[in-house]
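Just so we're aligned, residue 1485 is where the sequence shown starts under this note's numbering, counting upward by one.
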Amino acid sequence: MKSQHIVAAIDIGTSHIIAALAEISADGDIVPIALAEVLSKGVKKGGVVNIPLVQHTIDSALEKLQADGSYHIYSIVTSLSGVSIMGYNADGMVELKGTPISEHNIRQVVAEARNLSTLEGRQILHILRQSFSVDKQTDIDNPIGLMGEQLAIRVHVISAAKMAYYNLLQTFSHRDIDVEQVVAAGFSSALAVSSADEKQLGICVLDIGAGTTDVTVIHQGVVKHTEVIPLGGEVISNDVAFFMRTTTETAERIKKEIDVDAHYLAGQHIDVQGLSGTTRRFAKTDISEVIQERYQQLLEIIWQKLTRAGVEALFPGGFVICGGVAEQKGLDALLMQQSQLPVRRAMIEVPLKSGTQKSSRYAAIMGLFMCAYEEDFARIMKDEQKTGIISRLVNTFAKLRKNF
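Dropping the structure here:
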């Protein structure tokens, strides 16, 4: 029977863990096969804080994913988020020997940039090319074949605290599963939701989850800035719960139902059961004001971070928002009003045999498949291990087999 190229991916978030299987078609299209989603436990602000709890939820997700017994998962690609993620630009330079620049020289200068950018206690996840220069000629996209005395490169580095990285790996240690690749969650989402035109013009992708907001700025086709802000939808839910004196679960449900700008709801009320068991009546406009004020504060913090990094002018294409919080009614309009820039909410469709599932939460998981499959991604991230799509699939995911 013809061999199939299948990859398993797991996105570990603060509120949900999403596991999925996908197959690559002959022309490189990603074809989802199965998707499983469970509530996350043991994760706070994107980071693992309770390994046994995370292991239990991973087990639940994988059991749902393999419920029909068709697949056994032996290796996965997974995401890492949290405040330990850090992005920064770095440079590398090598001397040339009077011969045309080759792939070997490219690997050399990337390795030099990696060596110079490695910080104590950090695990490098990605080395992303920005531009090359040969002698005094700058802003070169592809220096292959050029001649000069020096080859330099500017890269964007995404790294994580080693302990956060190892804690993530430990969550899979109880199973016979190899973690083949760890991808920064925000970068994974940015790959999935931004178009080629947006990346060229300049776009800022906000992956707003329960515990964190992952920021990725892409300009002229390359990543210019990445950052993780330790604020997300949880803080808004907590404030709504405090305002109504109810549980965070109730507050989360009500928050999703009410528009950020609910002036049109004047005169409408909602009855909410408090912690004491008594029911109180609230005006929907009052709840909306609390939600709007908290989201305004979050968006102001994001803009301050972008301004402090000096990248606020690099995304005239505006914002793309994804993650579970992106589905909040009216959030896109609020961001557009505050930034005076275009805003697009990314909704990821996952077509399955059982029906199409659609959510902003699926950005990171689909980006993980792109990280595993795309030849361009392999080129910019794995320069020292460059392979074609098919050979990369065979070498990396040979351990994931289908039972017949």
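By construction, the Cβ of each residue, glycine as well, lies at the ideal position given by its N, Cα and C atoms.
- Taking S1565 as reference, the option from A1648, L1749, D1770 and M1728 with the minimal CA-CA separation is A1648.
- Minimum Cα-Cα distance from K1525 among the listed residues I1542, A1735 and I1517 corresponds to I1542.
- Take A1694, set aside five residues on each side of it, and the residues of its chain with a beta-carbon closer than 6 Å to its own are T1498, S1499, G1716, G1717 and E1718, in chain order.
- About 4 Å separates the beta carbons of D1743 and G1814, which is inside the 8 Å limit, making them a contact pair.
- Short of 6 Å from the beta carbon of R1845, and not among the five residues preceding or following it, lie these beta carbons of its own chain, in chain order: G1808.
- Across the set H1540, R1638 and L1790, the C-alpha of L1790 shows the shortest separation from the C-alpha of V1712.
- E1579 is positioned such that its CB atom lies no closer than 8 Å to that of Q1621.
- For F1799, the three-state secondary structure derived from DSSP is coil.
- For K1842, the CB contacts under 8 Å within the same chain, skipping 5 residues up- and downstream, are M1831, I1832, E1833 and V1834 in chain order.
- Taking G1605 as the centre and dropping the five residues before and after it, the same chain places the C-beta of A1645 and K1646 closer than 7 Å to its C-beta, in chain order.
- When DSSP states are grouped into helix, strand and coil, R1598 belongs to the helix group.
- Between the alpha carbons of Q1781 and H1747 lies a distance of about 19 Å.
- For K1740, the closest alpha carbon among the candidates K1768, Q1757, R1764 and L1759 is that of K1768.
- Judged by DSSP secondary structure, L1690 falls within the beta strand (DSSP E) whose first and last residues are I1687 to I1692.
- Runs of the beta strand (DSSP E) lying entirely within the stretch 1542-1571 and spanning at least 3 residues, in chain order: 1559-1564.
- In the three-state reduction of the DSSP assignment, Q1614 falls in the strand class.
- By alpha-carbon distance to K1581, the top candidate from V1827, G1632 and A1669 is G1632.
- By the criterion of a C-beta distance shorter than 6 Å, L1549 is surrounded in its chain by A1503, A1518 and A1520, once the five residues flanking it on both sides are discounted.
- Within the same chain, and ignoring the five residues on either side of Y1779 in sequence, the residues whose Cβ sits closer than 8 Å to its Cβ are I1720, V1744, Q1812, L1815 and L1818.
- Taking the C-beta atoms as reference points, I1494 is found no nearer than 8 Å to T1583.
- If you check the CB distance, Y1555 and L1609 do not come in under 8 Å.
- The stretch 1749-1824 is shown to contain whole alpha helix (DSSP H) runs of 4 or more residues at 1768-1792 and 1815-1823, in chain order.
- In the structure shown, H1747 adopts helical secondary structure according to DSSP, grouped into three states.
- Distance from the Cα of M1577 is smallest, within the candidate group S1672, L1600 and S1657, for L1600.
- For E1736 and V1756, the gap between their C-alpha atoms comes out near 12 Å.
- Short of 6 Å from the beta carbon of A1674, and not among the five residues preceding or following it, lie these beta carbons of its own chain, in chain order: V1689 and T1700.
- When beta bridges are read from the DSSP output, A1504 appears opposite A1493 and L1519.
- Counting along the chain, no alpha helix (DSSP H) covers K1708; the unbroken beta strand (DSSP E) around it starts and ends at V1706 to I1713.
- CA-to-CA, the gap between E1682 and M1728 works out to about 41 Å.
- Between A1668 and the set F1726, T1697 and Q1654, the nearest pair of CA atoms involves T1697.
- The DSSP-derived three-state label of K1739 is helix.
- Using a 10 angstroms sphere on the CB of T1710, the tally of other CB atoms reaches 16 or more, which defines it as buried.
- DSSP, reduced to helix, strand and coil, places M1831 outside both helices and strands of the structure shown, so it counts as coil.
- For S1643, no alpha helix (DSSP H) encloses it; the enclosing beta strand (DSSP E) starts and ends at Q1634 to A1645.
- For I1702, the enclosing beta strand (DSSP E) covers residues T1697 to H1703.
- Burial check for A1797: the Cβ neighbour count within 10 Å stays below 16, so the residue is exposed.
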